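Contents: one structure, followed by commentary.
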Amino acid sequence: MTVFYFIRHGKTEWNKASRYQGAHGDSPLLPESYQEIKLLAKHLAAINFVHAYASPLPRALTTARTLISELPSNIPLTVDSRLREFNLGKMEGRRFDEVKARWPQVVDSFHFHADKFDNRLIDSESFSAVIDRFRAAIEEYAAAYPGSQNVLVVSHGAALNAGINGSLNVPLAHLKDRGGLSNTSTTILQTADGKNFQLKKWNETDYLHKTTVDPTDTI
Numbered sequence: 165m166t167v168f169y170f171i172r173h174g175k176t177e178w179n180k181a182s183r184y185q186g187a188h189g190d191s192p193l194l195p196e197s198y199q200e201i202k203l204l205a206k207h208l209a210a211i212n213f214v215h216a217y218a219s220p221l222p223r224a225l226t227t228a229r230t231l232i233s234e235l236p237s238n239i240p241l242t243v244d245s246r247l248r249e250f251n252l253g254k255m256e257g258r259r260f261d262e263v264k265a266r267w268p269q270v271v272d273s274f275h276f277h278a279d280k281f282d283n284r285l286i287d288s289e290s291f292s293a294v295i296d297r298f299r300a301a302i303e304e305y306a307a308a309y310p311g312s313q314n315v316l317v318v319s320h321g322a323a324l325n326a327g328i329n330g331s332l333n334v335p336l337a338h339l340k341d342r343g344g345l346s347n348t349s350t351t352i353l354q355t356a357d358g359k360n361f362q363l364k365k366w367n368e369t370d371y372l373h374k375t376t377v378d379p380t381d382t383i
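Per this note's numbering, the very first residue in the sequence shown carries number 165; after that it's consecutive.
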């Protein structure tokens with residue numbers, strides 16, 4: 165059984181400012197995000213990871229490197245562009261409220277009705293394209309590490325949401341039913357054959373010990 169631990173990167177300046185931060189945008193992690201990554205490392209410390217994979221975008225790669233440096237064992241890290249964030253086209257770098265005012269139907273579809281999302285309206289990737297590249301990556305990792313092994317994957321909110329649910333064969337119409345993924349969250353999938361996946365945990369964040377809900381944490 166190969167077990168995947170999917171981590172969304174730590175919270176960034178653009179996350180806090182409610183800006184879309186896709187495959188061509190990036191901003192630094194917040195100072196407090198480094199402490200949250202340490203809490204995540206403490207939570208994962210007892211797990212033996214054979215390999216870590218990360219998106220090349222700085223916010224995810226910094227999260228991965230910081231996390232690995234805090235874990236007790238020396239984990240090899242591979243950067244894989246298939247784990248990059250959803251290319252959001254014209255939405256990237258813009259504030260949520262600005263995008264909603266300009267493309268209300270696109271925003272509604274992106275967040276709630278993936279089957280109705282028309283990527284051509286904003287020159288973005290499609291959900292199917294993101295799912296295909298993400299699933300190809302994790303199937304490759306599963307083939308490389310079959311049996312009882314744990315693999316760490318650090319990526320992004322929208323790409324993880326689409327890729328994980330797509331790997332679970334969730335139809336586009338129900339892709340968003342589980343809700344979003346929070347910064348520095350953990351979602352766990354397992355597979356016995358490298359093709360069929362089962363969900364063990366979704367968006368776990370208890371180890372961060374947050375007492376209030378901040379809507380900018382989750383996408």
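Quick reminder that beta carbons are idealized off the backbone N, C-alpha and C, glycines included.
Since the structure is predicted, the reported quantities are computational estimates derived from the model, not experimental observations.
Express the C-alpha separation of GLN199 and SER331 in angstroms, rounding to a whole number. 31 angstroms
Burial state of ILE171, where buried means 16 or more other Cβ atoms lie within 10 Å: buried
Span separating the alpha-carbon of ALA218 from that of THR355: 20 angstroms
Can you tell which of GLN185, ARG266, GLU289, SER312 has its C-alpha closest to the C-alpha of ASN212? SER312
Opposite ARG172 in the DSSP bridges: which residues? SER319
Let me check one thing: in DSSP terms, what residues is PHE291 bridge-paired to? BP columns for PHE291 are empty, so no partner.
Considering Cα atoms alone, identify which of GLN269, ASP370, PHE276, LEU372 is closest to ASP341. PHE276
Is ARG246 near ALA301, with beta carbons less than 8 angstroms apart? yes
Just to confirm my understanding: we take TYR309, look at its own chain, exclude 5 residues before and 5 after, and list those with CB closer than 8 angstroms. What are they? THR166, VAL214, HIS215, VAL315
Neighbourhood of ARG299 by C-beta distance below 8 angstroms, restricted to the same chain and skipping five residues each side: GLY327, GLY330, SER331
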